[in-house]
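Numbering (the numbering used here), first residue to last: 18 to 197.
Built from N, CA and C at the ideal position, the CB exists for glycine as well.
Right, here's the structure in full:
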């Protein structure tokens, strides 16, 4: 029985965020690159708006049951890549805007979970990560998105992983310990 963890790289790229009358819709591209064998599995995701009124735990540590399946991936061998294109929606009335002068701004957080199927002969895969989305700023920080100017498309978006939010245990079970 394998007790090791799958290892790889995630490249998350936001394509466009469209504000309509009712939704903020993000189209994205995700590339998985396997460093070790990966079991087949699913990609879960959601999008929220970051806000100081929400706890860090609520924003950065969602339970997979609260997220939607946005893609599936096959078993991968070391060096193999797999691309997933997807879309996430957030109702406009769920956006917690940050006020700056007369402007209402949104800081989108994309929360991802990779869950591998339980295949005893393969390394275990369970990974959660969070990306903040924005426009390139004048310094290292991303610029938030203005949401009070009516329907529009935001292009030229970039994503930055919040590294402190990376988790390798999402379901409350340490598979390496459970196997020994």
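Which residue or residues does DSSP assign as beta-bridge partners of residue 51?
-> 25
Label residue 180 either buried or exposed according to how many other C-beta atoms from any shown protein chain fall within 10 Å of its C-beta, with 16 as the threshold for buried.
-> exposed
Length at least 3, wholly inside the segment 51 to 120: the beta strand (DSSP E) runs in chain order | 58 to 66, 85 to 90, 98 to 108, 115 to 117
Please state whether DSSP places residue 180 in a helix, a strand or coil.
-> helix
Alpha carbon to alpha carbon, how far is residue 41 from residue 107?
-> 5 Å
What first and last residue would you give for the beta strand (DSSP E) that runs through residue 149?
-> 143 to 153
Would you call the segment 106 to 120 and the segment 135 to 155 touching, i.e. three or more CB-CB distances under 8 Å?
-> no
Please say whether residue 171 and residue 162 have beta carbons closer to each other than 7 Å?
-> yes
So what's residue 127 in DSSP terms, helix, strand or just coil?
-> strand
Any idea if residue 18 is buried or exposed, counting beta-carbon neighbours within 10 angstroms, 16 or more meaning buried?
-> With a pLDDT of only 44 at residue 18, under 50, the local geometry of the prediction cannot be trusted, and the value read off the model is given with reservation. When all chains shown are included, residue 18 counts as exposed.
Is the beta carbon of residue 43 less than 7 Å from the beta carbon of residue 169?
-> no
Which one of 165, 91, 110, 81 has the shortest CA to CA distance from residue 128?
-> 81
Apart from the five residues just before and just after residue 51, which ones in its own chain have a Cβ nearer than 6 Å to its Cβ?
-> 25, 93, 95, 97
Nearest-angstrom Cα separation, counted from residue 31 out to residue 47 = 9 Å
Under 7 Å, do residue 136 and residue 56 count as touching if we go by C-beta distance?
-> yes
CB contact flag (residue 103, residue 87, <7 Å) = yes
Cα-Cα, which of 90, 165, 28, 29 is closest to residue 112?
-> 165
Looking only at its own chain, which residues have a Cβ that is under 6 Å from the Cβ of residue 65, when we skip the five neighbours before and after it?
-> 126
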